[in-house]
Amino acid sequence: DVEKVAEQVSGLRLDWFFEQLTNSTYTYDDALEVTTQQRTPEGWRVTLQLHRRGSMFLPVDIRLTLADGRMQWVHVPLGLAQGHKPVPSDWIVAEPWLWTFPRYTLTLTLPARVVRAELDPLQRTPDHDRLNNTWPFPLRVSFLQPLSFDPAVYLATWRPLAAYAYDFGPGIGMQLRGRYFFDRHEALLTLKLWPEVLLSNGRRPERPWVRDRNAWWAGIDYTLRYSDRLAPRTRWHLQLEKHLGVLENRIGLTHTLGRWAALGHDYGTVALFIVHQYAPDERTFSFEGVPVWMPRNHLAWTQLAYRLERPRWHVQFSLELGEGQQGRGAARGIADLSWSLLQQSNFQLILRGMFGRGSGQLPFSRVFRLGSAPVETAWRHAGFRSVAALFANARKSLHLVPLEAPGPVAYWSPEVRDPLRVQGNVLVATDVLAQWTPFRTRLLRSLQLEGFFGIGQTWFTDPALSLNRYTFDWDRFLADAGAGLSYNVSDLPGLQRWTTQSELLQDLRLRLRVPLWVSDPDL
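Per the numbering used here, the very first residue in the sequence shown carries number 24; after that it's consecutive.
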């Protein structure tokens, strides 16, 4: 009945409209571009190209801005409507766009040159990508401003960078971020230069025997990230990065599974990535005094992961296949669980557990560390990477470790060459963490008092690497307990504006843990 009344009032055929909007899941996306502009005796001859990229078809309005400041509106009716809507007398009504043709060419003669063309400028259609509705490309760049949302403009912001690293000296650079409506077309560009490395062609005064050719390459760091939707629940990701002598390229997909109607939650997220890693020379990221990426050794890995997250718990499984040490194949599997046993307004009790197993040829950057994340994970965290790079040996100077893995944290000795000797290609660890937030003031509400108990062990299954400690034994499990402090730096008052613009500030949490009891004091 509504359709009949609409047709009688408008005098147009509208069954195509109601069919698309009520009985289909079609998406609408029309694009516009100005192809040619030529001056003729009659005026400017302008050719516009319309492209129907979606599956839905609708009549469209076009607003042209001329060089002399005047506006010219154009209406392109749809052939199925058998007519067009009423328009003002100064509008141009073009030939109908037939639904069987995905492209439409419009040629106009205008009194002046076109400087801007906009498709559906009043936003009356459900177009899900309006960046291709405007010519030229609608870009708005700002300086030191957080990204907001505008459905008709691509927003970008840039800022300068300053850094310091013990092995690289002072660094300068810039960063550009961009994002469209609903997190479409997310982009990050970063370029950082280390002048001390570039000007010396990579020579290191403290290690004059290291004479790598083309060592200036270590003086350039960069980031290129891009992510966009392929479908409503699927995104693709491209990431090219080089930081502190380590290069990593990643490309992959993430897909959110369908929703569980009974509980109102999805079935989790699946991720598939192909990863390439390379260290051009011996000047690489390290927080233990020795490089952990083998110089000039290419590593290629395929990662498949599944994550199911709920408000009080999450579980994650991952499988990685790739190249290990000395060109051999390697594999690593991880099961990770976190569960909030008790959650109140200012107190929570969290149980975490992890089981990981890899082949004996795992690269050093992926070896499991008891109570500490692998070095590869530490390198990816911009906050940890930036702080650790300030020192020649951050582990020895600050007892600095990436506390992202469960298990005891007390076992470390500064006298041995490898302070993280509790490591291996197999890991079994768990801990219980109590967090209390006693303060409500703006400055201290991110400060948490912690109590922790951790137990676990890691070992090598390869006798050549395990120092005769490769057999599983319950007596070899280590444990500790103690107290600590935790502070979420990204929640500091006044930093919220900068958090979204800084890789370092995002999710930057500082923890101080003091073990009060250990099961094996000799270690």
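We treat Cβ as the ideally placed atom computed from N, Cα and C, and that holds for glycine.
Is it the case that the Cβ atoms of residue i and residue j are separated by a distance below 8 Å?
i, j, result
"S382", "A354", "yes"
"P431", "L372", "no"
"M79", "R86", "no"
"R536", "V512", "no"
"V57", "L71", "yes"
"W336", "S363", "yes"
"H299", "H321", "yes"
"F476", "V455", "yes"
"T180", "Q524", "yes"
"W96", "W67", "no"
"S420", "A186", "no"
"G225", "R306", "yes"
"G347", "D304", "no"
"Y203", "L154", "yes"
"P174", "Q146", "yes"
"D53", "L142", "yes"
"L81", "Y127", "no"
"P169", "R520", "yes"
"L216", "G242", "yes"
"A433", "P538", "yes"
"V138", "A90", "yes"
Residue i: which of the options sits nearest, CA to CA?
i, options, result
"G291", "H278, P303 and H299", "H278"
"L184", "T213, R93 and H74", "T213"
"R207", "H260, T464 and H299", "H260"
"L253", "T453, E332 and L276", "L276"
"Q326", "L344, P119 and T88", "L344"
"L450", "L221, E65, R463 and T481", "T481"
"W324", "L515, G356, F205 and L472", "G356"
"A210", "D150, S409 and D251", "D251"
"F387", "V398, G394 and R380", "V398"
"W459", "G507, M197 and W435", "G507"
"D359", "T453, W122, L167 and A238", "T453"
"H422", "S395, L527, G347 and P125", "S395"
"Q105", "L44, A433, Y189 and S33", "S33"
"A135", "P125, L129 and G92", "G92"
"Q198", "R248, D173 and Y187", "R248"
"T48", "P255, V28 and Y329", "P255"
"R465", "L365, R499, L518 and F296", "L518"
"D503", "H404, E526, S542 and E65", "S542"
"S341", "Q348, R330 and G347", "R330"
"E311", "R380, A405, A411 and A302", "A411"
"F205", "G406, L178 and P125", "L178"
"A428", "T246, G196, R499 and A401", "A401"
"I478", "T148, P125 and M377", "M377"
At what residues does the beta strand (DSSP E) containing residue i begin and finish?
i, result
"W67", "G66 to R75"
"D359", "G352 to Q366"
"Q339", "W336 to E346"
"R62", "D53 to T63"
"A452", "V449 to W459"
"A179", "Y177 to A188"
"A433", "Counting along the chain, A433 falls outside any beta strand (DSSP E), and DSSP gives it neither H nor E."
"A20", "The first residue shown for the chain is 24 and the last is 546, placing residue 20 beyond what the model contains."
"R534", "R532 to V541"
"S165", "L162 to F166"
"M377", "F370 to G381"
"A294", "T292 to Y301"
"T50", "No beta strand (DSSP E) holds T50; DSSP gives it neither H nor E."
"M94", "M94 to V99"
"T128", "R126 to L133"
"V83", "V83 to L89"
"V547", "Because the chain spans 24 through 546 in this model, residue 547 falls outside it and cannot be assessed."
Our contact map puts residue i next to residue j with C-beta atoms below 8 Å; I'd like the distance itself, whole angstroms only.
i, j, result
"L73", "L55", "6 Å"
"R534", "S509", "5 Å"
"L221", "G406", "L221 to G406, Cβ: 25 Å. No contact."
"L103", "R36", "7 Å"
Please report the residue range of the alpha helix (DSSP H) in which residue i lies.
i, result
"L44", "D38 to T45"
"A506", "No alpha helix (DSSP H) holds A506; the beta strand (DSSP E) holding it covers L501 to N511."
"T522", "Q519 to T522"
"E399", "V398 to R403"
"S33", "V25 to S33"
"S420", "A417 to L421"
I want to see whether chain B comes within less than 8 Å of residue i, judged by CB atoms only; does it?
i, result
"A294", "In the structure shown, chain B cannot be found, because there is only a single protein chain."
For the ligand NAP, is there a heavy atom less than 7 Å away from the beta-carbon of residue i?
i, result
"A457", "Absent from the structure shown: the ligand NAP. Ligands present: none."
Handout entry: Unbroken stretches of the beta strand (DSSP E), 3 residues or longer, contained in the stretch 196-280
Key = 207-216, 243-254, 257-266 and 269-279
Handout entry: Ranges of the beta strand (DSSP E) found wholly within the stretch 464-489, counting only runs of at least 3
Key = 470-482
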